[in-house]
Amino acid sequence: MPLKITVRPIRQQDHEEWEALWRDYNAFYGREGASALPEDVIQATWSRLMSEAGPIHGLVAESERRLVGFAHIIFHPNTIHIEDTCYLQDLFTETECRGRGVARQLVGAVYEICRSRGVSSVYWHTHASNTAARLLYDKLATNTGFLVYRAKA
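Numbering (the working numbering), first residue to last: 565 to 717.
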């Protein structure tokens, strides 16, 4: 059954709940224990989300006065469009709220923000093994088939 939620921009008073969700998100992707993000990275991420001047923005999904999900987006120029593009870097829904429309509403809110800014393209990545998320993403966007390569510089 869909969950009644409100999607809104992240606020300073969300810090504690956001950080708990952020740690759960990182644990989901194996960044916990010895491989957990350092505290300074967590705090830098929060500071970037709170900076109105920066390219990183955060949305939260709230249900019954508690946070149940978030989306972090980055607007940036690119080489194939005149207007900026939007990278949906992080999308997370609390475990017990998955499958209840939270992620769909967060992505919908991202699309709305993009339209209001004249941005026509949104992209994101997920792990190939994240089958539950991919079922939703296949309904919301096109799988381009591109692979992501990463190296230390």
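Every residue, glycine too, gets a C-beta built ideally from N, C-alpha and C.
Tell me whether residue i sits in a helix, a strand or coil according to DSSP, three-state version.
i       : result
Gly-622 : strand
Tyr-593 : coil
Thr-570 : strand
Val-686 : strand
Glu-616 : coil
Thr-706 : coil
Ser-611 : helix
Ala-584 : helix
His-691 : coil
Select from the options the residue whose C-alpha is nearest the C-alpha of residue i.
i       : options                               : result
His-689 : Leu-652, Ala-635 and Gly-682          : Leu-652
Asp-578 : Asn-590, Ala-591 and Met-614          : Met-614
Leu-623 : Lys-703, Tyr-713 and Ile-574          : Ile-574
Thr-708 : Asp-604, Ala-717 and Ala-692          : Ala-692
Leu-711 : Glu-580, Tyr-687, Gln-607 and Ala-696 : Tyr-687
Phe-639 : Arg-629, Ala-625 and Glu-616          : Glu-616
Gln-576 : Thr-609, Glu-628, Leu-601 and Glu-676 : Thr-609
Thr-649 : Ile-677, Cys-661, Glu-658 and Leu-655 : Ile-677
For residue i and residue j, which I take to be in contact (beta-carbon distance under 8 Å), what is that distance rounded to the nearest angstrom?
i       : j       : result
Gly-682 : Glu-647 : 5 Å
Val-605 : Ala-673 : Not confirmed; about 26 Å, so no contact.
Ser-685 : His-645 : 6 Å
**Asked** Does the segment 662 to 682 come close enough to the segment 632 to 641 to have 3 or more Cβ pairs within less than 8 Å?
**Response** yes
**Asked** Can you list the beta strand (DSSP E) stretches of 3 or more residues lying completely in the segment 625 to 670, in chain order?
**Response** 630 to 640 and 649 to 657
**Asked** Are there three or more Cβ pairs, one per stretch, closer than 8 Å when the segment 565 to 581 is compared with the segment 655 to 667?
**Response** yes
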